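J.: Would you mind keeping the following structure in view while I ask a few things?
Protein chains: 2
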Amino acid sequence: MSVAIVGLGLIGGSLARALSGQGVRVLGVDRPGVCRAARKARAIAATTSLEAAAREAQVLVLAASPSVNLRLLRKLARIAPAALVITDVTSVKVPIVREAARLELPRFVGGHPMAGRERSGFAASTAGLFRGRPWILTGGEPGALRRLRGLIRRVGARPVELTALDHDRLVAVLSHVPQIVSWALLHAAAADRVARRHLDLAGPGFLDMTRLASSPRALWKEILTGNRSEVRRALAALRRALSHDRFWG
Amino acid sequence: MSVAIVGLGLIGGSLARALSGQGVRVLGVDRPGVCRAARKARAIAATTSLEAAAREAQVLVLAASPSVNLRLLRKLARIAPAALVITDVTSVKVPIVREAARLELPRFVGGHPMAGRERSGFAASTAGLFRGRPWILTGGEPGALRRLRGLIRRVGARPVELTALDHDRLVAVLSHVPQIVSWALLHAAAADRVARRHLDLAGPGFLDMTRLASSPRALWKEILTGNRSEVRRALAALRRALSHDRFWG
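Chains as they are written, first to last, in my numbering: chain W, 207 to 455; chain L, 207 to 455.
The following block contains the structure:
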């Protein structure tokens, strides 16, 4: 079996490392410099183009940014053999699942590994990133699902099925709003007349809560824009919770 | 030199362990069961009463809850020798510094080690809790300050001077509001129709940001009530930051 991974950043690179470590043949699609680093690290067996990857692999994983993945999906709808299982790893599922349905790609299954780090790029990838973590699949054709569940288990993750709608609502609450809060806590501290002179006095609690703020801003803008309505709802709920006096007597 | 510590919980217990480890004679004041545990752990050399501690020690540290510390301070104003240096370790400084001024205790210096854990009580205390951490002092009589700075350095912490007002504003931003946010994130997730069924899917970011939520609620109510006006101001700033669209495109 061979798996093509398009985009060898933190997630794609970690998946490449983990699958290669399990003896799976991994084909990598990315810029030449990134592919060279991935081959050197034995994360991929070979470098190829999207077209060749679609012909050669049994499973193709879109691991670029959300907007690039959507564009590549439209291209795959024209060139991919019907048997190819396609999945992605982006943090918002409704837009790409809808697009796959519109493109009539029954063997597409949306995916989202609930794992990550603040650093990005292939240099930040590790084979153990998914170990013990949930990996959400949005459901789809049974054969495609079975194959993806098998791959997910091979990298030590736990497949979980959720609808794209439930997924997007869930990550708005558990991931997207915490990301915004992390920025807002840092922003509020940097804007405070006294606190901004003494940020070095922050304790481990503040550091834990602002760690996410160093995540790549451009990628996050795409994610949050893609999940805008769920994020608005979750943010409104948080702001209501913040005004509950019962939290603070 | 001997130091009396009144209240052998997380902070008082850790200070007792650290000072004893440095060869300082530590007298402990707490309930009998806690004192027994502290003697067994060699965190204190002897158990005593507040009255005896005030006569015998050169430095007395109030490490009970904020309201108990205020009560003990009033008692010390009646019984303590003039030479006794008194400090405390609570997270809000204006109330106790004002009370010390009203009681005419010139050798009182407000203190706040910027260190902690979510667990509480003597069982959670460790000698290394303060190592490398800032320890805020609110200023006061030079001899008292000098003595406290020396003790703080001996437990591996870094003395920092701030006015009580600046301190309370700072901790509202860096500690008290993050505490409230941690509760609110957990509350909002538990209240969400979808998220509450899938809290086990939360990633490391959410877990980092809700770790503080397990801190002892009763102690926190006292802290937040004591710093109510600064907390209100900092919370309003955070809520404004959360509505900035620029954070999320």
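Don't be surprised by glycine CBs; every beta carbon is placed ideally from N, CA and C.
For clarity, every value in this text was computed on a predicted model and none was experimentally measured.
(1) Using a 10 Å radius around the Cβ and a threshold of 16 neighbouring Cβ atoms, would you call L:L441 buried or exposed?
(2) Pull up the distance between the alpha-carbon of L:S388 and that of L:R355, whole angstroms please.
(3) Are the region 374-389 of chain W and the region 410-420 of chain L in contact at 8 Å, needing three or more beta carbon pairs?
(4) Less than 8 Å separating the beta-carbons of W:A243 and W:F328?
(5) How about W:P384: is its C-beta nearer than 8 Å to some C-beta of chain L?
(6) Under 8 Å between C-beta atoms, does L:S381 make it to chain W?
(7) Is DSSP giving L:L335 helix, strand or coil here?
(8) Name the chain W residues that come within less than 7 Å of L:F412, Cβ to Cβ?
(9) I need the DSSP call for L:T431, collapsed to helix, strand or coil.
(10) Is L:A283 close to the ligand NAP? I mean its beta-carbon at under 7 Å from any heavy atom of the ligand.
(11) For W:S255, write down the residues that DSSP places opposite it in a beta bridge.
(12) Determine the chain W residues that contact L:G409 at a beta-carbon separation under 8 Å, and present them in chain order.
(13) Counting only Cβ pairs nearer than 8 Å, list the residues of chain W close to L:R417.
(14) Short of 8 Å in beta carbon distance, which residues of its chain neighbour L:R280, apart from the five on each side in sequence? Order them along the chain.
(15) Anything in chain W within Cβ reach of L:V366, meaning under 7 Å, just list it in chain order.
(16) Taking CB distances under 8 Å as the criterion, tell me whether W:R445 reaches chain L.
(17) Counting only Cβ pairs nearer than 9 Å, list the residues of chain L close to W:R375.
(18) In chain order, which alpha helix (DSSP H) runs of at least 4 residues are fully inside the region 365-447 of chain W?
(19) In whole angstroms, what separates the C-alpha of L:L448 from that of L:K246?
(20) Pick helix, strand or coil for L:I285, following the three-state DSSP scheme.
(21) Could you confirm whether any beta carbon from chain W is found closer than 8 Å to the beta carbon of L:V303?
(22) Using a Cβ cut-off of 7 Å, pull out every chain L residue sitting near W:A390, in sequence order please.
(23) Using C-beta distances below 8 Å, list every residue in its chain close to W:A222, excluding the 5 sequence neighbours before and after it, in chain order.
(24) Which residue comes first and which comes last in the alpha helix (DSSP H) that contains L:A306?
(25) Quick one: which chain W residues come within Cβ less than 9 Å of L:A269?
(26) Spell out whether any CB of chain W is found under 8 Å from the CB atom of L:A333.
(27) Beta carbons nearer than 8 Å to chain L: which residues of the region 288-316 of chain W have them?
(28) For chain L, is any of its Cβ atoms less than 8 Å away from the one on W:A394?
(29) Shorter than 8 Å from the beta carbon of W:A286 to some beta carbon of chain L?
(30) For the putative contact between L:L266 and L:P301, defined by C-beta atoms under 8 Å, what is the C-beta separation to the nearest angstrom?
(31) Excluding five sequence neighbours on each side, which residues of the same chain lie with their C-beta closer than 6 Å to the C-beta of L:V274?
(32) Tell whether a beta-carbon distance below 8 Å holds between W:M415 and W:L444.
(33) Which value, in whole angstroms, describes the spacing of the CA atoms of W:A395 and W:L405?
(34) Output yes if chain L places a C-beta closer than 8 Å to the C-beta of W:A440; else output no.
(35) What number of angstroms, rounded off, separates the C-alpha of W:L351 from the C-alpha of W:L343?
(36) Near L:G227, what residues of its chain come up, given a Cβ to Cβ distance below 6 Å and the 5 sequence neighbours on each side ignored?
T.: The answer reads as follows:
(1) Buried, by the Cβ-count rule.
(2) Across the structure, L:S388 and L:R355 are spaced so that their CA atoms are roughly 33 Å apart.
(3) Here the region 374-389 of chain W lies against the region 410-420 of chain L, with 3 or more beta-carbon pairs under 8 Å apart.
(4) Result yes, Cβ atoms of W:A243 and W:F328 sit closer than 8 Å.
(5) Chain L, which has a Cβ nearer than 8 Å to the Cβ of W:P384, makes this yes.
(6) For L:S381, at least one C-beta of chain W is nearer than 8 Å to its own C-beta.
(7) Under the three-state reduction of DSSP output, L:L335 falls in the coil class, being neither helix nor strand.
(8) Near L:F412 (Cβ distances below 7 Å), the residues of chain W are L380, S381, P384.
(9) Of the three classes helix, strand and coil, the one that applies to L:T431 here is helix, per DSSP.
(10) Ligands in the displayed structure: none, and consequently the ligand NAP is not present.
(11) Checking the DSSP bridge columns, you'll see W:S255 has no partner listed.
(12) Taking a Cβ-Cβ threshold of 8 Å, the residues of chain W close to L:G409 are M320, A321, G322, R339, L380, S381, in chain order.
(13) Simply G411, D414.
(14) Here the set comprises E305, L309.
(15) Residues of chain W passing the Cβ test: L407.
(16) Using a Cβ-Cβ cut-off of 8 Å, W:R445 counts as an interface residue toward chain L, since at least one Cβ of chain L sits closer than that to its own.
(17) Taking a Cβ-Cβ threshold of 9 Å, the residues of chain L close to W:R375 are D398, R399, V400, A401, in chain order.
(18) DSSP assignment within the region 365-447 of chain W yields the following whole alpha helix (DSSP H) runs of 4 residues or more, N-terminal first: 370-377, 383-397, 410-416, 423-432.
(19) In a straight line, the C-alpha of L:L448 is about 49 Å away from that of L:K246.
(20) Three-state result, L:I285: helix.
(21) So, not an interface residue.
(22) L444, A447, L448, F453, listed in chain order.
(23) Here W:A222 has I211, L214, V232, G234, A244, A249, I250, S331 as same chain residues with Cβ atoms under 8 Å from its own Cβ, once five neighbours each way along the sequence are excluded.
(24) Taken as a continuous stretch (DSSP letters only), the alpha helix (DSSP H) holding L:A306 covers 300-308.
(25) At a beta-carbon threshold of 9 Å, none of the residues of chain W lie near L:A269; the nearest stands roughly 17 Å away.
(26) By this cut-off, L:A333 is not an interface position.
(27) Taking a C-beta cut-off of 8 Å against chain L, none of the residues of the region 288-316 of chain W qualify.
(28) Output row for W:A394: interface = yes.
(29) It does not; no Cβ of chain L falls within 8 Å.
(30) L:L266 to L:P301, Cβ: 18 Å. No contact.
(31) Here the set comprises nothing.
(32) Contact: no.
(33) Across the structure, W:A395 and W:L405 are spaced so that their CA atoms are roughly 8 Å apart.
(34) Closer than 8 Å: yes.
(35) Roughly 8 Å separates the two Cα atoms.
(36) Correct list, in chain order: A333.
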